[in-house]
Structures are given as structure tokens and as C-alpha cells.
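**Student:** Going line by line, the protein sequences match chains A and B. So in our numbering, spot 54 of the first sequence is number 54, and the numbers just go up one at a time. So in our numbering, spot 87 of the second sequence is number 87, and the numbers just go up one at a time.
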Amino acid sequence: EPEVTQTPSHQVTQMGQEVILRCVPISNHLYFYWYRQILGQKVEFLVSFYNNEISEKSEIFDDQFSVERPDGSNFTLKIRSTKLEDSAMYFCASRRGGSIEKLFFGSGTQLSVL
Amino acid sequence: GQQLNQSPQSMFIQEGEDVSMNCTSSSIFNTWLWYKQDPGEGPVLLIALYKAGELTSNGRLTAQFGITRKDSFLNISASIPSDVGIYFCAGFGRGSNYKLTFGKGTLLTVNP
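1. Taking the continuous beta strand (DSSP E) assigned at Ser-79 of chain B, which residues delimit it?
2. Report yes if the CB atom of Val-19 of chain A is closer than 8 angstroms to the CB atom of Phe-91 of chain A, and no otherwise.
3. Using beta-carbon positions only, say whether Gln-37 of chain B and Ile-86 of chain B come within less than 8 angstroms of one another.
4. Can you tell me whether Val-47 of chain A is buried or exposed, with buried defined as 16 or more other CB within 10 angstroms of its CB?
5. Out of A:Pro-8, A:Asp-63, A:Ile-79, A:Ile-26, which one is the CA nearest neighbour of Gly-97 of chain A?
6. Are Ala-63 of chain B and Ser-72 of chain B close, meaning C-beta to C-beta below 8 angstroms?
7. Do Arg-36 of chain A and Ala-93 of chain A have their beta-carbon atoms positioned less than 8 angstroms apart in this structure?
8. Touch check for the stretch 49-66 of chain B and the stretch 7-23 of chain A: three-plus C-beta pairs under 8 angstroms?
9. Chain A partners of Lys-70 of chain B, CB-CB under 9 angstroms?
10. Just the Cα atoms here: how many angstroms apart are Tyr-18 of chain B and Thr-109 of chain B?
11. Which whole-angstrom value describes the C-beta separation of Leu-45 of chain B and Leu-33 of chain B, a residue pair presumed to lie in contact below a C-beta threshold of 8 angstroms?
12. Determine the chain A residues that contact Phe-102 of chain B at a beta-carbon separation under 9 angstroms, and present them in chain order.
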């Protein structure tokens, strides 16, 4: 069964460093998302992306965050200057598009900022 | 913004027991989704509900979309040890661009 894949599964970085989290959405999907989950808390929406542009973003998604679809398969989340509070599990998700929808999640990248 | 209240926060049950959890919303949702999350993994979709009053089953799981469109429940019958995990309700309303709002989750522990 097709799935959303994310790399790396774990990322450790120093505060102030840039990180790029990578995702390969399901191949025929058109809508892409990033969510995050701080340890022990609920999953929170960060950003949605369609037709090569951001559709919507949350308050969390400030100027330090950016997303890109550099080619036909990858979808990336960049954090320019990481902060301690950016430590979380980051999930990529995708959906096909249409009136009846299901959102599929990847297994996540655990980001630890030291 | 939209808020989801999920209860209970945690449950400890014996294998074979039935379990029920629910979510209520401060606003109307057009779609309710129930996910299960295992440690270190992403949420896995269990059941999707699209119409008020809809009752849908997936094996031992049954979920309903409340007629007020502000609530949903998930039942698991005859629980087994592999049911252990965190169950999240999630939903989105009209015009939300499929931006999911998640509940805080129900941690289920099943004692063999």
C-alpha cells in the first residue's frame, strides 16, 4: 500500500542551526501538510501546501519556517534557526484531493534541539 | 479557533472488555476522523465519518458522527493487547482546507 515516507527518523541539532526535514508524499496526491507533536501533547497543524504554494499556515509557522516542493516527489520543511522549543515530532501528511477525503500521515521525524 | 475535547484521557482495561471514547467540539465539523498512534509512529487512520448520524465499523471498531455534528464516539469491542496505543479524534469544518484539529488523545492500556 502506498505510504508517506519521511527522512530522517531522528534529527539532533544545536540551537541556532538550520534543519531540513524531508517527506515523500503518496505519488498521486496533490495536497501536502506538515504537523507537529510536542512530547505528550496533541498533534498541531503547521502548514498546508497545494499547487506549489502555501494554502494556509498556523501561528506556529513563523518566518523561521519554510516549505518547498523542489521536484515532483519531495516536500520539505526547513527551520532556519532552530530553538529549543522546536523540539517535537514532525509529521508530513498528504491527500489526493476530492470531495471525500482521507489524510495519510508519515511516521514522523523526531527533532531534538540541544 | 476550533477546539476538541476528548475523553477519557486514559483507560486501563482487561483484555476482552469493550471500550468507548468520545470527542466534543465547540463548533460544527463536516468530517470526523479517528486515528491510532503507536509510540514513535505517525497517526494511522482508523475510521472516517462524513455525514451527521453516520455509523461506521472497521472490524472491532465502530465510530459514529453525532447528529449535532459537534461530537463523535469510538467503540472498540473485545479488546486485545495490540489495541494498546493513543487514539486521537480529529476533524475539520467547512472551509478549513482540510486543516485537521486534533483532540488530546486517549491512552489505552490493555492488560492481558
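Positions of the beta carbon are idealized from the N, C-alpha and C atoms, including for glycine.
**Tutor:** Per the coordinate set shown:
1. Segment: none, Ser-79 of chain B is in no beta strand (DSSP E) and carries neither H nor E.
2. In this structure, Phe-91 of chain A does not lie closer than 8 angstroms to Val-19 of chain A by Cβ.
3. yes
4. buried
5. A:Ile-26
6. If you check the CB distance, Ala-63 of chain B and Ser-72 of chain B come in under 8 angstroms.
7. no
8. no
9. Those do not exist, as Lys-70 of chain B stays about 18 angstroms from chain A at its closest Cβ, beyond 9 angstroms.
10. Here residue 18 of chain B is Asp; the residue named in the question, Tyr, does not match the sequence. Annotation: Asp-18 of chain B to Thr-109 of chain B spans about 12 angstroms, alpha carbon to alpha carbon.
11. 6 angstroms
12. Tyr-35, Gln-37, Lys-42, Val-43, Glu-44, Phe-45
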